[in-house]
Structures are given as structure tokens and as C-alpha cells.
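Respectively, the protein sequence lines represent chains A and B. Okay, so the first sequence: first residue is 0 according to numbering that gives the first Met the number 0, each after it adds one. Okay, so the second sequence: first residue is 0 according to numbering that gives the first Met the number 0, each after it adds one. Built from N, CA and C at the ideal position, the CB exists for glycine as well. Quantities reported herein were computed from a predicted structural model and do not represent experimental measurements.
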Amino acid sequence: MSFFNEIASAIGDSVRTAGNYNIINYNGDSIYIEGIKRLVSISEEKVIMTVKKGVLTVTGVDLCVFDLEKESLIIKGNIRATYVE
Amino acid sequence: MLNNKKGKGEKRIGRPAAPKAKNPPETEKPRKAAGKADGRGPEPADFSLNGERLTVEIEGVNQTRLINRLKDADIRLIDVKKPGGRLMRLTVRKKESQKTFAILEELCYTYKTVRKSGLFSFFWANRRRAGIAAGLAAALILFFTLTGSILRIEVNDLSEISRRDLIAALAAEGIAAGTRINGLDREDIRRVVNAYPGVAESSVEITGSTLRIHVIEKTAYLPPPPSGRSVIAAYDAEITGIVTASGTARVGPGRRVKAGDVLIEGAVYDTNGAFMREVPASGTVYGRIVKTVTETVPLDVYEIRRTGRTKRRTRLSLFGFSIGRPTAPYAAYESRTSSAAMNVFVPLTFTQTAYFETESVLVTRTPEEICETMRRERLAAFIDRDAKNLTAETRLEPLSDSLIRVHVHIQGELTIGQTIG
């Protein structure tokens, strides 16, 4: 079981939360996102990606996709906001 | 490196044709091997412990599609940056580079490798500096090897023992320059040194890469030289008798001695000749001397005689300052000075100088007078020597009208001992 699934189980809403997306923001300097499907747009001010249910947008300054794997990525930079539409 | 694959009549089965880049390059550039820059030499390589990686610069549009394609191909993308416009840079692991280049070529992107990182890439790119690196590595190895070994052996406080022989003896025991320090035991070294002939005691210390040994040598016992009084011969003589009151007689009757020879030593020895103690030497030593004294004298001499006239001068001194500087009243004089201090109210010193006028008087002597004078003078030198049958004869040798040489021949028996110390 993944770390996030363990937390979800602890929360008690594993059906809804598990398997979707998970975000960890490290002091606003970097952000780890798990559960992405596709990248939509990359720029230094905005990174847009699709998740299972929605479109996840990360805004900030000097953004850089530091590490991108199949379903996870790390974005570095001055993270301003993260929201899902 | 530029790469642009044109598919002339080429079809891909089961897959739609890959869209061409919107702004293809105006001129087709020759395709170069992946990973190589366009003729400008090898790419720079960074030292990294994160494995071998390549940084690829990609030119084209719809870069997110490329990213998704690479991601779907399980290619890990690292440090994706968009410097601006149609350029994008990303880093991939070297083992995934061929797959990446294949996808880039398939999607007709223009790409080139701009940088490498990793241990092998770094050293391969700097292989021309291998000599310097090898020399540096050798120097480091030598440094770390030698700093842990003895480079120098110092042996101090040696006087009788040969330093070279002692070091050779240490080397025979495995203690020499080049020996590892952590394999040495100071106590063992000290035992080896103490076992060397002539060594009484030693101390060992290791400072840095220097082994220092301080040695105390064994010394043979030597009796201290007699420091008490001794009686020596004042003249060349033949010993006629010796009476030793204290000390040890070193001469006997009939022995010929020279001036300075020890007649009675200020020490006492046992019957085996071993030194016992010091004593002040004393005694009487008689000897027969035969001595000739030669002197060259002029017949005319100037004698300094007082004329009879005298003057006195007095000077006062107060707090170191003198009042009245006496000047000599005569051109030639003899003087006698006396002083007296009077500390009544102030420290006052009186200094009185008496001046006796003198004159040089030419005195002409006859040779006989000179000889007689010298004879008496030479005999007077032995007046306290308990002389017996001491005689002095003179012989005259004229040298010129005003110069003669007088030989005074003295012989007789007298005491010749002279105490020193």
C-alpha cells in the first residue's frame, strides 16, 4: 500500500481519495504531484496537467519540471497556488 | 546535433503519420550521430554521482505532446526547462537516451545533446588531462604513504659513539627510514638503543615523520685532575734534595727538571697508585742551577732625576663637579696625588697633587760598572732562595763604541720550588 493510501485509510475515505491525485508542497519551493495523467502546458509561470477527475494547475514563478515519471512529477520554483478545476 | 528524418513515401503501419514540425528548418542540415554537437567539439561534461545523464535541447512546438509521449514510454524526464520560444531542454538518463532519440526522430523534432553528466562522462571528456590527474593522484598516494612513515632519524648527544653505527644497528632491528610509524613502539626502540655498547640510557620520541633519540653515553671513570696546590720548578735545575711536607713528590735527587715541571703534586695516592684525595702540596726542593743571562746594554743612558723643585696643586670636587683644574707646572715631572673627603654640610673632596720636576741626565758608564751592576742584580734575584755557594760571573762582549753585551753566568745550589694553585 502506498504512503498516500495509508493516510487515506487512516482518514477513512479510501474509496474517494485513493487512486486520484495527491500533492505535497515542500515549503512552497517544490511540489510533488502523484496521479497525473497527461501534461497540458508547461511554462515558467504555470504548469497544467490532467488528473483522473479534473485539470490540476500549479502557478508560480520560475517553475521547472524537475522530475517527471509516468504518473508523478516534481515541480520546483516559487509555488504560488495549486488548484483543480 | 541536428536530426530531421524525412519519410519519403514511407508509411507506418497501424499508426498515423507523425505530424511535421510547423516551422521546419529552412535548410536541411546533415544528420549527425545522436549525442554529438554540431561540429563544435565534445559536449561539456559535469561531475555527478547521480549516474550518467544527457541534457538534450529540443526545438519544436507542441512540446507537451512530446513530454507526454516520453512519459508514456517510461522515460524519466529530469529538469525540464523552457528557455523560451520553441526551445526546451530536458535531461534523460543515458540508458534511456536511445529511446528518447528514437521518439524525437519519430516526432520529427530537432534536437541536440548539449551536456553530459556523470563520472564516466566527466573523466572521458577530460581524458587529455589524464597525465595531470595521474600525477596528482600519484602525489596524493605518495603523500599519504610517506606521512605515515619515518623519513628522518635524529640521534642527539653523541660524543664517543658513532652515529652511523648506531643507526645501522637500528636498521638491523627493522627501525629505519621508511618504516611505518604505526608499526613502531617507542619502548622497543629504547630497548634496542640501550642495548648498544656504550649507551647508558636513552629516550625516544616521534615527532611528525622524524624519529628523535636522545642518548646518554657511558663514560669511563677518570680521576679528577689535582686541583690543589702543587710545587713546580722555578728554574732549570738538577735536583739535589727534596723534602716533602704535604703531597706526593714527583722527582728525586739527580733528576734534571725544567722550569714548570711539577716537583710535588697536591694529591695522595694509595700503594696501588690509585688516587685517594687532594691535598695542598708543600715542601722544599733543592737543586743546582746553571743559568746564563745575557743582556745588551748601551754605555750611555739617560736617567730621570729630580731637580729638587716641587709645586702643589689642589682641586675641589662638589657633587662630581671639579673646581680648579690643575695644570702641570713642569714640562717633565713626577707626580703624587692624594685626596681627602669632607662631608660636613655638602660632599666636598679635596685632591692635592704634588709635582716634582725631573730632568734627563746623560750618564756614561764604564763596561766594568755595567757588568758589576748586572751581577749584583742577578744575584739579588735569588736572595730568598736559601742559596748555597751561589756565584755569578760576567763576560763582556763589546758590540760597538756605545753598546756592549753582558753575559752573566750564575751557578749554585738553591731552593727551586715554586708553589702554584
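Identity of the residue in the options nearest residue i by Cα
i	options	result
Y234/B	M341/B, D260/B and E367/B	D260/B
S245/B	T239/B, F119/B, E237/B and R276/B	R276/B
P346/B	A194/B, T293/B and S321/B	S321/B
V64/A	Y20/A, E84/A, Y82/A and S42/A	S42/A
E358/B	G134/B, S229/B, K257/B and G307/B	G307/B
G59/B	G272/B, E42/B and K111/B	K111/B
L118/B	F46/B, E392/B and E237/B	F46/B
E153/B	I160/B, I166/B and L398/B	I166/B
L413/B	A133/B, R287/B, L103/B and I303/B	R287/B
D269/B	T247/B, G251/B, R254/B and T295/B	T247/B
E434/B	V230/B, G173/B and K81/B	In the structure displayed, chain B extends from 0 to 420; residue 434/B sits before or after that span and is not available.
R375/B	D400/B, R163/B, G50/B and I409/B	I409/B
T390/B	P397/B, I102/B, S399/B and A379/B	A379/B
E384/B	E368/B, G416/B and A170/B	The displayed chain sequence assigns Arg, not Glu, to residue 384/B. That would be G416/B, whose Cα lies nearest to the Cα of R384/B.
S158/B	G240/B, I215/B, K98/B and V360/B	I215/B
F318/B	A273/B, M341/B, A330/B and T326/B	M341/B
N49/B	F121/B, E104/B and Q62/B	F121/B
A331/B	E302/B, I369/B and G323/B	E302/B
T309/B	T291/B, L139/B and P328/B	P328/B
V300/B	R88/B, L361/B and D164/B	L361/B
Y25/A	V83/A, E84/A, K75/A and E68/A	K75/A
E368/B	P297/B, F381/B, A258/B and K217/B	P297/B
R85/B	T99/B, N61/B, E105/B and A137/B	N61/B
I263/B	G240/B, V256/B and I231/B	I231/B
Sequence-distant residues of its chain with Cβ nearer than 8 Å to residue i (five each side left out)
i	result
T336/B	T350, Q351, T352 and A353
R151/B	A176, S208, T209 and L210
I205/B	I149, I180, L183, R185 and R211
P279/B	G227, R228, S245, G246, G265 and G420
R75/B	V91, R92 and E95
I102/B	L65, R68, L69, A72 and I74
S201/B	R189, V192, N193, I212, H213, V214 and I215
F142/B	none
K290/B	Y234, D235, H408, I409 and Q410
F2/A	none
E371/B	T393
Cβ neighbours of residue i in the same chain (closer than 6 Å, five flanking residues each side left out)
i	result
A430/B	Nothing about residue 430/B can be read from this structure; chain B reaches only from 0 to 420.
R394/B	H406
M373/B	V405 and V407
S281/B	A244 and S245
T295/B	R404
T90/B	R52, T54, I77 and D78
V203/B	R185, I188, R189 and I212
T283/B	V242 and T414
P366/B	L395 and I403
R79/A	T58 and G59
I238/B	V250, P252, R254 and G286
D156/B	H213 and V214
P397/B	I403
T293/B	H406
S334/B	T352 and Y354
I6/A	none
Close beta carbons around residue i, own chain, < 7 Å, minus the five adjacent residues each side
i	result
E25/B	Summary for E25/B: the model assigns pLDDT 48, below 50, so the residue's position carries little reliability, and this model does not support an answer.
K36/A	T49, V50 and K51
I47/A	V39, S40, V54 and T56
G34/A	N19, Y20, N21, V50, K51 and E70
L72/A	I32, I35, V64 and D66
E392/B	H408
Expected contact under 8 Å - CB spacing of residue i and residue j to nearest Å
i	j	result
T54/B	R114/B	4 Å
E356/B	R314/B	With 8 Å as the limit, E356/B and R314/B do not qualify as a contact, their Cβ atoms being about 20 Å apart.
K45/A	Y20/A	Contact doesn't hold; Cβ gap of about 17 Å is too wide.
L95/A	I66/B	Any question about residue 95/A goes unanswered here, given that chain A covers just 0 to 84.
I160/B	G197/B	5 Å
A170/B	A44/B	Incorrect: roughly 50 Å between the Cβ atoms, too far for contact.
G11/A	N77/A	Rounded, the Cβ-Cβ distance is 35 Å, inconsistent with contact.
T81/A	I30/A	7 Å
Where residue i meets chain C, residues with beta-carbon distance less than 9 Å
i	result
R75/B	Looking for chain C here will not work: the only protein chains present are A and B.
Residue i Cβ short of 8 Å to the ligand ATP heavy atom set
i	result
Q417/B	Annotation note on the ligand ATP: not contained in the displayed structure, which lists no ligands.
**Request:** Determine which residues of the segment 44–62 of chain B have a Cβ less than 8 Å from any Cβ of chain A, and write them out in chain order.
**Result:** Listed by position along the chain: Q62.
**Asked** When you check each C-beta in the segment 101–114 of chain B against every C-beta of chain A, which residues fall closer than 7 Å?
**Response** Within the segment 101–114 of chain B, no residue has a Cβ that lies closer than 7 Å to any Cβ of chain A.
**Asked** In the segment 115–133 of chain B, which residues sit with their C-beta less than 9 Å from some C-beta in chain A, listed in chain order?
**Response** Under the 9 Å Cβ criterion, the segment 115–133 of chain B contributes no residue.
**Request:** Report the residue ranges of all alpha helix (DSSP H) runs contained in full by the segment 32–116 of chain B; include only those spanning at least 4 residues, in chain order.
**Result:** Counting only runs of 4 or more, we get 62–71 and 96–105.
**Prompt:** Going along the chain, which unbroken runs of the beta strand (DSSP E) with 3 or more residues stay wholly within the segment 237–323 of chain B?
**Reply:** Whole beta strand (DSSP E) segments, 3+ residues: 261–264, 266–268, 274–277, 281–297, 299–317 and 320–322.
**alpha helix (DSSP H) runs contained entirely in the segment 343–382 of chain B, provided each spans 4 or more residues** = Entirely contained in the segment 343–382 of chain B, the alpha helix (DSSP H) runs reaching 4 residues are, in chain order, 366–379.
**Request:** Determine which residues of the segment 73–99 of chain B have a Cβ less than 7 Å from any Cβ of chain A, and write them out in chain order.
**Result:** Listed by position along the chain: D73, R75, L76, I77, D78, V79, K80 and K81.
**Item:** the segment 73–84 of chain A: positions lying closer than 7 Å to chain B by Cβ
**Value:** Taking 7 Å as the Cβ-Cβ cut-off against chain B, none of the residues of the segment 73–84 of chain A qualify.
**Message:** Restricting to runs no shorter than 4 residues, where is the alpha helix (DSSP H) found entirely within the segment 158–208 of chain B?
**Reply:** 162–171 and 185–193, all fully within the segment 158–208 of chain B.
**Message:** Which residues of the segment 34–63 of chain A have a Cβ closer than 8 Å to any Cβ of chain B? Give them in chain order.
**Reply:** Within the segment 34–63 of chain A, R37, L38, V39, S40, I41, S42, E43 and C63 place their CB atoms closer than 8 Å to a CB of chain B, listed in sequence order.
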